[in-house]
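**Q** This is the structure, below, for whatever I ask next.
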Amino acid sequence: MKKLLRLAVLIMCITWLLALFGCGKEKPHMLDGPGMEYTPEWTEFTLSRSDSYAQHNFSFTVTEGDTEPMVSGVCRDEDGNEYDVETGIVLTGETLWTLRRLNLEQLPEEEPWPEDLEMPLDMENVKLTLTLSDGTVVKKNASSNLSIEIYNLLLPYFINNQS
Numbered sequence: 006m007k008k009l010l011r012l013a014v015l016i017m018c019i020t021w022l023l024a025l026f027g028c029g030k031e032k033p034h035m036l037d038g039p040g041m042e043y044t045p046e047w048t049e050f051t052l053s054r055s056d057s058y059a060q061h062n063f064s065f066t067v068t069e070g071d072t073e074p075m076v077s078g079v080c081r082d083e084d085g086n087e088y089d090v091e092t093g094i095v096l097t098g099e100t101l102w103t104l105r106r107l108n109l110e111q112l113p114e115e116e117p118w119p120e121d122l123e124m125p126l127d128m129e130n131v132k133l134t135l136t137l138s139d140g141t142v143v144k145k146n147a148s149s150n151l152s153i154e155i156y157n158l159l160l161p162y163f164i165n166n167q168s
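Here the working numbering is used: the first residue of the sequence shown is 6, the next is one more, and so on.
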């Protein structure tokens, strides 16, 4: 009986020590510490594109508001239906993060068109203006492919907003 009591006490002591030093506990969730707060590079951007192809004439403004990210603007779908939203449409967090992963702030600065050359009338024109988190407004050089990628990401919001 004494051996059984000793074994039970030994098991209880080992269990107590393991519990005391964290064995069997769930790992704590990672919390933000000092200096770990995420500060977005941009708080707003405006992308506009004019092209000889009517569907690719659009203008979007994405703002990260106090409560929700919003998009407003004017665009057309492939059937020629025009969508004009001034009040804004709420974006999902997933869409906002997709836009953030495009790293718009890392695009090169917009270069002005040479003054001695005339701009062709039918040339595609893409303009991207970012408002950085410190309030600075910068113009970036966005490619045609990037503008179409953003167009394809945001167009469904305009289509679904009409329903």
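C-beta: ideal position from N, C-alpha, C; glycine also.
Can you list the alpha helix (DSSP H) stretches of 4 or more residues lying completely in the stretch 40 to 123, in chain order?
**A** Runs of the alpha helix (DSSP H) inside the stretch 40 to 123: 98 to 105.
**Q** Counting beta carbon pairs with one atom in the stretch 154 to 168 and one in the stretch 50 to 67, are three or more of them shorter than 8 Å?
**A** Output reads yes: the stretch 154 to 168 touches the stretch 50 to 67.
**Q** Identify whether THR171 lies in helix, strand or coil by the three-state DSSP scheme.
**A** No statement about residue 171 is possible, as the shown extent of the chain runs from 6 to 168 and does not include it.
**Q** Quick one: using the 10 Å Cβ neighbour count with 16 as the cut-off for buried, is ARG106 buried or exposed?
**A** The count along the sequence shown starts at 1 and reaches residue 106 at position 101. So ARG106 counts as exposed.
**Q** To the nearest whole angstrom, what separates the beta carbons of ASP82 and GLU129, a pair I think is in contact under 8 Å?
**A** Walking along the sequence shown from the start, residue 82 turns up at place 77. Walking along the sequence shown from the start, residue 129 turns up at place 124. About 19 Å separates the two Cβ atoms, so there is no contact after all.
**Q** Under 8 Å Cβ to Cβ from VAL142, same chain only, skipping five residues before and after it: list those, please.
**A** By 1-based counting over the sequence shown, the position of residue 142 is 137. So the qualifying residues of the chain are THR134, LEU135 and THR136.
**Q** Give me the Cβ distance between GLU99 and LYS145, rounded to the nearest whole Å; I'm assuming they're in contact under 8 Å.
**A** Taking the sequence shown and counting its residues from 1, the one referred to as residue 99 is at position 94. Taking the sequence shown and counting its residues from 1, the one referred to as residue 145 is at position 140. Wrong, their Cβ atoms sit about 23 Å apart, outside the cutoff.
**Q** Alpha carbon to alpha carbon, how far is LYS132 from ASP121? Give it in angstroms, no decimals.
**A** Counted from its first residue, the sequence shown places residue 121 at position 116. Counted from its first residue, the sequence shown places residue 132 at position 127. When rounded, the distance between both Cα atoms is 21 Å.
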